[in-house]
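Chains as they are written, first to last, in numbering that gives the first Met the number 0: chain X, 0 to 84; chain C, 0 to 84; chain G, 0 to 148; chain Y, 0 to 148. For glycine and all other residues, C-beta sits at the position ideal for the given N, C-alpha and C. Please read all numbers here as calculations on a predicted model, not as lab measurements.
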Amino acid sequence: MALTILYFAWVRERVGLAEERLTPPDDIGTVAQLIGWLAQRSPGHAAAFGEPERLRAAVDQQFRPLEATISGASEVAIFPPVTGG
Amino acid sequence: MALTILYFAWVRERVGLAEERLTPPDDIGTVAQLIGWLAQRSPGHAAAFGEPERLRAAVDQQFRPLEATISGASEVAIFPPVTGG
Amino acid sequence: MIDISVNTAAIDVAAVHALVEGNGAGAVATFVGIVRTDDGVRALTLEHYPAMTKAALHHIAADATRRFGLSAIAIHHRVGTMLPGERIVMVAAAAPHRHDALAATAQCIDLLKTEAPFWKREEHAAGARWVEARAGDDAAAAKWSDGRA
Amino acid sequence: MIDISVNTAAIDVAAVHALVEGNGAGAVATFVGIVRTDDGVRALTLEHYPAMTKAALHHIAADATRRFGLSAIAIHHRVGTMLPGERIVMVAAAAPHRHDALAATAQCIDLLKTEAPFWKREEHAAGARWVEARAGDDAAAAKWSDGRA
């Protein structure tokens, strides 16, 4: 199923895109699996997703751990830990 | 020795004066003793100083307990607990 | 920088905030105490001990500056008669880091309640009364007694 | 009353303060975070996740309102590029009593650091870098985890 994937901060810079719309294979069930699959798309993606422990995610605009499911989600965002305030 | 004595809040209202200049007898050594001596000056003073546990004091513009000495002081203030802020 | 004011004029929040900003501070915390509008008070009068007040506020501000490494602090306290909704006091503390600015503000307002010579008189429909000090204020002030000069 | 704003315009301290005053509040506390001027940063750019940001700030504000019985709270966060000395964020909380207003402000700014989708990018003379999250921020946010929804 097609998924909107958003990138922020240095993840966005390394990927070279703020957003893409992709249909991951059926065996991609979690954010962590999605990250592993995205890492293979380009050298930029590889640079962004090479160290998953540095990444955080939101699924349908809720912060979720990388082990969270993406089943049924329409939007996943991947980014470094937040630094606002 | 002459002492400037200041009153604030309901102490001032009961005494009927904001300030007086008095020379207490030599045997008045502490704020508490001064309060006991002042209580005898008028019905207003008696009403103000009848319950010393409700009073607080400053000696030469420093908060001091009622047991503090007034020896050498030039200004003593007597008032209820503060309620600013 | 320590800025103390005891004045009958209204407190200008933006002006007091501006006094402590700058100088590299990354964090400014403020506290404003306001005459309540919901408890039947028609007017509040603040009496103080003019010869002592500014020194007492300066002592509170200097203590907080030392303890929390403030770059600047302002304590502005109004005196005289004010109406419900009007500001009684403003504390503004600037520091490199947020927890210091917030803790300094909390300490100053707690100590103001017990260590500065102000007295509040409330006018109600039934007459006027002097506000009684609250035991909770002493307890709040005592929390800060460690590490003070 | 909860007022959330995410905007590229400068933050007006008096205007945000005025938003939460009134309604009988006896106490207003605020926190303002400012771009430091003393660490060689030439400019700071705040990126955010527009579809998520206001909801995240509203959640933080609603949590504090419930926990501390606030009469009003405003969280205004700036995004885009700002210069040293400019304000990044302002939290203003109004409550009947001072400790609630101060604690709510502290909780909101701590949770903002870990639960709102903002990212800071600093420009130095040597180039730009994304600010790293600090372990201390997680610890500060965790302090508030009891009693939250």
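Chain X places no beta carbon closer than 9 Å to that of residue 15/Y, leaving this residue out of the contacts. Per DSSP, the continuous alpha helix (DSSP H) segment holding residue 59/Y begins and ends at 49 to 67.
Around the beta carbon of residue 39/Y, a 10 Å sphere encloses fewer than 16 other beta carbons of the protein chains shown; the residue is thus reported as exposed. When the five nearest sequence neighbours on each side are left out, the beta carbons in the same chain lying within less than 7 Å of the beta carbon of residue 11/C are those of 17, in order along the chain.
The beta carbon of residue 46/Y sits closer than 6 Å to those of 118, all from its chain and outside the five residues before and after it, given in chain order. Listed along chain Y are 48, 116 and 118, each with a C-beta nearer than 8 Å to that of residue 78/X. The beta carbon of residue 72/G does not come within 9 Å of any beta carbon belonging to chain C, so the residue lies off that interface.
With respect to the C-alpha of residue 6/G, the residue from 30/G, 94/G and 56/G having the closest C-alpha is 56/G. Within chain G, no residue has its CB atom less than 7 Å from the CB of residue 68/C, the nearest being about 19 Å off.
For residue 7/G, the three-state secondary structure derived from DSSP is coil. Here DSSP, grouped into helix, strand and coil, assigns residue 10/C to helix. In the DSSP assignment, residue 29/Y falls outside any alpha helix (DSSP H) and lies within the beta strand (DSSP E) extending over 26 to 33.
By the criterion of at least three beta-carbon pairs nearer than 8 Å, the segment 12 to 28 of chain Y is not in contact with the segment 58 to 65 of chain Y. Residue range 97 to 114 is occupied by the alpha helix (DSSP H) that includes residue 97/G. Contact annotation, residue 79/C with residue 8/C: C-beta distance approximately 5 Å; criterion of less than 8 Å satisfied. Bridge partners of residue 117/Y according to DSSP: 47/Y. Residue 76/G is classed as buried because its beta carbon has at least 16 other beta carbons within 10 Å across all chains shown.
By the rule that beta-carbons nearer than 9 Å mark a contact, residue 123/Y does not touch chain G. Residue contact check for residue 51/G against chain C: a CB pair falls below 9 Å.
The Cβ of residue 97/G sits closer than 9 Å to at least one Cβ of chain Y. With a cutoff of 9 Å on beta-carbon distance, residue 108/G and residue 69/Y are scored as not near each other.
Counting only Cβ-Cβ distances below 8 Å, residue 129/Y has contacts in chain X at 8, 9, 79 and 82, in chain order. Cβ contact annotation for residue 139/Y (same chain, cutoff 6 Å, sequence separation greater than five): 109, in chain order.
The three-state reading of DSSP puts residue 32/X in helix, counting H, G and I together. Taking a beta-carbon distance threshold of 9 Å, residue 76/Y counts as an interface residue toward chain X. Across the set 41/X, 60/X, 22/X and 2/X, the C-alpha of 60/X shows the shortest separation from the C-alpha of residue 49/Y. Scanning chain C for C-beta atoms nearer than 7 Å to the C-beta of residue 32/G yields 84, reported in chain order.
The three-state secondary structure of residue 137/G, taken from DSSP, is helix. The three-state reading of DSSP puts residue 43/C in helix, counting H, G and I together. Beta-bridge partners assigned by DSSP to residue 132/G: none are found. Nearest CB-CB separation between residue 63/Y and chain X: not below the 9 Å threshold. Residue state for residue 88/Y is assigned as strand, using DSSP reduced to three classes.
According to the DSSP assignment, residue 21/C belongs to the beta strand (DSSP E) that extends over 18 to 21.
Around residue 132/Y, the beta-carbon contacts reaching into chain X at under 8 Å are 79, 80, 81 and 82. Between residue 92/Y and residue 104/Y, the beta carbon gap of about 5 Å places them in contact (Cβ cut-off 8 Å). Exposure of residue 123/G is indicated by the presence of fewer than 16 other C-beta atoms within 10 angstroms of its C-beta.
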